[in-house]
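For reference, the structure is listed below as structure tokens.
2 protein chains.
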Amino acid sequence: MISVEEALEKLLSNVDVLAKEEVAILDSLGQVLADDIYSDVDVPPLDNSAMDGYAVQSSDTLGAGPHSPRLLHVIDTVAAGSISESEVTAGIAVRIMTGAPVPKGADTVIRFEDTDEVSRREISGGQTITEIGILCEAEVGLNIRRAGEDISRGSRILAAGTVIRPAEVGVLASLGRSQVTVISRPVVAILSTGDELVEVGQPLPAGKIYNSNSYSVAALVRRYGAVPRMLGIALDSEDSLVTALRRGLDADMLITSGGVSVGDYDVVKDVLAKEGEIGFWTVRMKPGKPLAFGTIRGSDRRGVPRRIPHLGLPGNPVSSMVTFEVFARPAVFKMMGKKDWTKPTVEAVLEDGIVNTGGRRVFTRAVVEKREGRYFARLTGPQGSGVLTSMSQANGLAIVPEDWAEARPGDIVKVMMLDWNEEVI
Amino acid sequence: MISVEEALEKLLSNVDVLAKEEVAILDSLGQVLADDIYSDVDVPPLDNSAMDGYAVQSSDTLGAGPHSPRLLHVIDTVAAGSISESEVTAGIAVRIMTGAPVPKGADTVIRFEDTDEVSRREISGGQTITEIGILCEAEVGLNIRRAGEDISRGSRILAAGTVIRPAEVGVLASLGRSQVTVISRPVVAILSTGDELVEVGQPLPAGKIYNSNSYSVAALVRRYGAVPRMLGIALDSEDSLVTALRRGLDADMLITSGGVSVGDYDVVKDVLAKEGEIGFWTVRMKPGKPLAFGTIRGSDRRGVPRRIPHLGLPGNPVSSMVTFEVFARPAVFKMMGKKDWTKPTVEAVLEDGIVNTGGRRVFTRAVVEKREGRYFARLTGPQGSGVLTSMSQANGLAIVPEDWAEARPGDIVKVMMLDWNEEVI
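In order, the protein sequence lines correspond to chains A and B.
Residues 25 to 449, numbered by this note's numbering, are exactly what the first sequence covers, in order.
Residues 25 to 449, numbered by this note's numbering, are exactly what the second sequence covers, in order.
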């Protein structure tokens, strides 16, 4: 048996960051920037007004106050998106809207509230105002956003390796970019194996069960930003398995479930040995001890031969989800170019006991709650690895280290959070 | 001015949970179950083996041990997906694979490791084994998964209102469901207003800026599970705005940015007054003081008249993102049927000072780090609401309450986390 860390290291050493692709900025959410982004533009492009008001020379406001207005001649109005041809000189004001470029000669903007705008407009009856009273002193630069204040032309705005979130989408748009070059989303081919499996939506013959692993794994693949490709179900025969596998050999990764333990009908490992190279078989963890990793001979999207990483998850529904989180998620993240593939983890007070007979690292489905500033973790109930509903009840996996024979109520353990249920925090 | 809470309450009182829809289970991720889910099946359907081994009667194992094998006659082999016609009686064993139904008469399963399977198979040279030595005692039920252990027929498996995650997708598949009835994803129509705006990918004339708000807002809409519909840019004229708005009137919500402050060219509020009802205008928060909410006369997807909620965000890029998080996100979540729309929030030690001159709730872009078990928050730098790059640098919004004139370095403040950057936790 090898440790979780050794297994993960072996797996990741066989997984590469994928090639770049160009996508629409809105579709890049969650992907990783492939290149540094430099700006071709200043944002804002010109000095502009942060308020609706009057662009003036600050020297014209000296001595202005609520009861001592400084009267200025209004020669123009400028709105956002327009440029005033007028020049502001001593005694002159230009009426200016938020976002409009500051006219030549002006060095400050007095907002409407600090002028007699409102009373003058009432008196004028909607006619253009030709004179305005300034009611406060204003220093140079007041209410002016400087050209390039947010983004200056030629500077690096986003670094390669940045994960794109809504703010980055906005920043790319502000640079005028409609497309962005990112690391591709991995296509993950997913195959369940077992004569006992029936596809969802079909009648269920006696002794058979529905194929749930393909769906829980595909949902995890999608959740972490990759693209699932469903290969369906393969029977426990080499022919069926090879036929199914070959349909996935232009994917970026292949994930199978089932067929990796020691039973007679576990053909995945035999096929792997023929079609590629076998990695490891048993990991010092529970659930998930029988686990396969290797590479299979395939080809890329243009038909060029290459080796495709293959991860063989256990067939038990819980085991396959837990081993996905521990192994497949980091592999998917590495392919996507992400640098960090840790899961949020908290230290929690255990409320139930957990026995660890096999000297393995035990991942136990738990419900984590925060009470009075501390985290508490209780088990979801029966921990059989067929009990998928327990994964639905859990929001975390409480971890008992390999060298603990048991964890008792009151012990502090690490819990890998499956979901940040918002009320937990 | 009204408080953030009053504004949110008014908004949510005008927003309804959307209608149900049926979708493929894999596409339901992040949606909310519309109905309780009851099971038509037992999972597992029959008592079955948790191990590869031999199905026997436990009474036949009494006295068995490593040096005192109990010899049983092997009459059949059963694999997962098959049903053995054989009956296990005293002195009889059936070889059984993991997941295979336990044959009639057997009440326990002895795994291969606790039999002399390996040495017998070596001796037999691949021939069928007709006798097996049991090397340990086994109680009734050992290594047997009971029918209905995970899911029992007729019981409620998932409750209406459950948010669908990968585990729920797996549970639905294990019930044989290919489709599920969920609350619809809201379609959110998005419109930016302003003569100064230019669409991304186009040349940028002097004095103009790129439309970034549509993209940052659309990315937020998508991130929270709804469907953005881009209406583009409307000029600051009533005609242009009305024309654009009408293209979005069969959406579930309309979000505009810009046009809500007091300037001459702010026509959104005038149009709203004509086309529907106006909600509020100013909220006691910074950024985001100018904010509009109302309803507009539109029609549903079948053309039936109805009122569509309209949220008018400020035009500043940062303000529009912050007000989206505070107001639009809860509205989207309510439409999706989610019960909880709080964001993860931590208490952090402030490392910079924040002045609060206006008696408003200040949301300040911050970088949160965890050091020695405590959270620390420093500001991203200039807090002008045009500085969108600061949203890209931030992972949280530090909150200064309305009744604080300032927050000083060392003060403890709440920080609404924008992203759980995994390393923060």
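For every residue, glycine included, the Cβ atom is placed at its ideal position computed from N, Cα and C.
Quiz item: Quick one: is residue 320(B) near chain A, going by C-beta distance under 7 Å?
Solution: Working through the second sequence from its first residue, we reach residue 320(B) at position 296. Residue 320(B) does not count as touching chain A.
Exercise. In the DSSP assignment, find the unbroken beta strand (DSSP E) run with residue 336(B) in it and report its ends.
Key: What you label residue 336(B) is simply residue 312 of the second sequence in a count that begins at 1. Taken as a continuous stretch (DSSP letters only), the beta strand (DSSP E) holding residue 336(B) covers 329 to 337.
Self-check item: Where residue 433(A) falls, given that 16 or more other Cβ within 10 Å makes a residue buried
Solution: Along the first sequence, one-based indexing puts residue 433(A) at 409. Looking at its Cβ environment, which holds fewer than 16 other Cβ atoms inside 10 Å, residue 433(A) is exposed.
Quiz item: In chain B, which residues lie less than 8 Å from residue 440(A) when you measure between Cβ atoms?
Solution: Within the first sequence, numbered from 1, the residue matching residue 440(A) stands at position 416. Near residue 440(A) there are no residues of chain B at all, since even the closest Cβ is about 11 Å away, more than 8 Å.
Quiz item: Does DSSP put residue 100(A) in a helix, in a strand, or in coil?
Solution: As a working note, residue 100(A) is residue 76 in the first sequence. Strand.
Self-check item: Residue ranges of each beta strand (DSSP E) within the region 50 to 130 of chain B, 3 or longer
Solution: 77 to 80, 94 to 102 and 116 to 120
Practice problem: Using three-state DSSP, classify residue 20(B) as helix, strand or coil. | Solution: No information on residue 20(B) is available, as it lies outside the stretch 25 to 449 that chain B covers here.
Quiz item: When the cut-off is 7 Å and only beta carbons count, does residue 446(B) lie next to chain A?
Solution: Numbered from 1 along the second sequence, position 422 holds the residue referred to as residue 446(B). At residue 446(B) the pLDDT is 43, less than 50, meaning the model places this residue with poor confidence and gives no usable figure here.
Quiz prompt | Sub-7 Å separation of residue 322(B) and residue 301(B) beta-carbons | solution = Residue 322(B) sits at position 298 when you count from the first residue of the second sequence. Residue 301(B) sits at position 277 when you count from the first residue of the second sequence. No.
Exercise. Please report the residue range of the beta strand (DSSP E) in which residue 203(B) lies.
Key: Numbered from its first residue, the second sequence carries residue 203(B) at position 179. Element bounds for residue 203(B): 203 to 207.
Quiz item: Going by DSSP, which residues form a beta bridge with residue 421(A)?
Solution: As a position in the first sequence, residue 421(A) is number 397, starting the count at 1. Answer by DSSP bridge pairing, in chain order: 389(A) and 440(A).
Quiz item: For chain A, is any of its Cβ atoms less than 7 Å away from the one on residue 154(B)?
Solution: Taking the first residue of the second sequence as 1, we reach residue 154(B) at position 130. Output row for residue 154(B): interface = no.
Practice problem: Would you mind reading off the limits of the alpha helix (DSSP H) that contains residue 299(B)? | Solution: Position 275 of the second sequence, counted from the start, is the residue given in the question as residue 299(B). It spans 292 to 299 - the alpha helix (DSSP H) in which residue 299(B) sits, taken as one unbroken run.
Quiz prompt | Between the CA atoms of residue 58(A) and residue 402(B) - distance to the nearest angstrom | solution = As a working note, residue 402(B) is residue 378 in the second sequence. As a working note, residue 58(A) is residue 34 in the first sequence. Each residue's alpha carbon lies about 28 Å from the other.
Quiz item: Below 7 Å between beta carbons: does that hold for residue 79(B) and residue 126(B)?
Solution: The residue given as residue 79(B) occupies position 55 in the second sequence. The residue given as residue 126(B) occupies position 102 in the second sequence. Yes, the Cβ-Cβ distance between residue 79(B) and residue 126(B) is below 7 Å.
Quiz item: Whose Cβ in chain B lies nearer than 9 Å to the Cβ of residue 173(A)?
Solution: Against the first sequence, residue 173(A) aligns to sequence position 149. Correct list: 406, 408, 410 and 411.
Quiz item: Can you give the beta carbon distance from residue 156(B) to residue 55(B), rounded, assuming they're within the 8 Å contact cut?
Solution: As a working mapping, residue 156(B) is identified with position 132 in the second sequence. As a working mapping, residue 55(B) is identified with position 31 in the second sequence. That belief does not hold up - the Cβ atoms of residue 156(B) and residue 55(B) are roughly 51 Å apart, past 8 Å.
Quiz item: What span of residues does the alpha helix (DSSP H) with residue 196(A) cover, start to end?
Solution: If you number the first sequence from 1, residue 196(A) lands on position 172. Per DSSP, residue 196(A) belongs to the alpha helix (DSSP H) from 190 to 198.
Exercise. Kindly say whether residue 449(B), judged by its beta-carbon, lies nearer than 7 Å to any beta-carbon of chain A.
Key: Counted from its first residue, the second sequence places residue 449(B) at position 425. Residue placement at residue 449(B) is flagged as unreliable, the pLDDT there being 37, under the threshold of 50; the coordinate-derived value follows with that caveat. Taking Cβ atoms only, chain A reaches closer than 7 Å to residue 449(B), which makes this a yes.
Practice problem: Run down chain B in chain order and give the residues with a C-beta less than 7 Å from the C-beta of residue 235(A). | Solution: The residue labelled residue 235(A) in the question sits at position 211 within the first sequence. 197, listed in chain order.
Practice problem: Kindly list the residues whose CB is nearer than 7 Å to the CB of residue 425(B), restricted to its own chain and excluding five residues on each side of it in sequence; keep chain order. | Solution: On the second sequence, residue 425(B) is found 401 positions in, with the first residue counted as 1. Same-chain partners within the cutoff: 385.
Quiz prompt | 8 Å CB neighbourhood of residue 114(A) in its chain, flanking five on each side removed | solution = Numbered from 1 along the first sequence, position 90 holds the residue referred to as residue 114(A). If we look at residue 114(A) and ignore the five residues flanking it on each side, its Cβ neighbours are 81, 83 and 84.
Self-check item: Three-state secondary structure (DSSP) of residue 353(A)
Solution: The count along the first sequence starts at 1 and reaches residue 353(A) at position 329. Residue state, collapsed to three classes: helix.
Exercise. Just the C-alpha distance for residue 128(A) and residue 101(A), rounded to the nearest angstrom, thanks.
Key: Walking along the first sequence from the start, residue 128(A) turns up at place 104. Walking along the first sequence from the start, residue 101(A) turns up at place 77. For residue 128(A) and residue 101(A), the distance between alpha carbons rounds to 13 Å.
Quiz item: What residues of chain B sit near residue 168(A), judged by a beta carbon separation below 8 Å?
Solution: Position 144 of the first sequence, counted from the start, is the residue given in the question as residue 168(A). Simply none; closest approach about 11 Å.
Quiz item: At a CB-CB cut-off below 7 Å, which residues of chain A make contact with residue 129(B)?
Solution: Here residue 129(B) corresponds to residue number 105 of the second sequence, with the count starting at 1. Ordered by position in chain A, no residue passes the 7 Å Cβ test against residue 129(B), which lies about 16 Å from the chain.
Exercise. Have a look at residue 395(B) and residue 109(A) and give me their C-alpha separation to the nearest angstrom.
Key: Counted from its first residue, the second sequence places residue 395(B) at position 371. Counted from its first residue, the first sequence places residue 109(A) at position 85. Approximately 55 Å, taken between the alpha carbons.
Quiz item: Any C-beta of chain A sitting closer than 7 Å to the C-beta of residue 300(B)?
Solution: Taking the second sequence and counting its residues from 1, the one referred to as residue 300(B) is at position 276. It does not: the Cβ of residue 300(B) has no partner Cβ on chain A nearer than 7 Å.
Quiz item: Quick one: is residue 219(B) near chain A, going by C-beta distance under 7 Å?
Solution: Locating residue 219(B) in the second sequence gives position 195, where the first residue counts as 1. Taking Cβ atoms only, chain A reaches closer than 7 Å to residue 219(B), which makes this a yes.
Quiz prompt | Amino acids of chain A, ordered along the chain, whose beta-carbon sits closer than 8 Å to that of residue 84(B) | solution = On the second sequence, residue 84(B) is found 60 positions in, with the first residue counted as 1. The premise fails here: residue 84(B) is roughly 22 Å from chain A at the closest Cβ pair, so nothing lies under 8 Å.
Exercise. Report the option in 356(B), 372(B) and 218(B) whose CA atom is closest to the CA atom of residue 104(A).
Key: For the purposes of this step, residue 104(A) is taken as the residue at position 80 of the first sequence. Selected option, being the one with the closest Cα: 218(B).
Quiz prompt | The beta strand (DSSP E) enclosing residue 45(A), as first and last residue numbers | solution = Residue numbering aside, residue 45(A) sits at position 21 when the first sequence is read from its first letter. First-last of the beta strand (DSSP E) with residue 45(A): 44 to 48.
Quiz prompt | Contacting residues, own chain, Cβ-Cβ under 8 Å from residue 410(B) (five flanking each side not counted) | solution = Position 386 of the second sequence, counted from the start, is the residue given in the question as residue 410(B). Only 340, 341 and 342 meet the Cβ criterion.
Quiz item: By DSSP, does residue 432(A) sit in helix, in strand, or in coil?
Solution: Stepping through the first sequence from its first residue, residue 432(A) is reached at position 408. In this structure, residue 432(A) counts as coil in the three-state DSSP scheme.
Quiz item: What did DSSP end up calling residue 345(A) once you bin it into helix, strand or coil?
Solution: Start at 1 with the first residue of the first sequence, and residue 345(A) comes out as number 321. Here residue 345(A) sits in helix by DSSP.
Quiz item: Hey, residue 346(B) and residue 377(B): beta-carbon distance below 7 Å or not?
Solution: Stepping through the second sequence from its first residue, residue 346(B) is reached at position 322. Stepping through the second sequence from its first residue, residue 377(B) is reached at position 353. Taking 7 Å as the Cβ cut-off, residue 346(B) and residue 377(B) do not qualify as a contacting pair.
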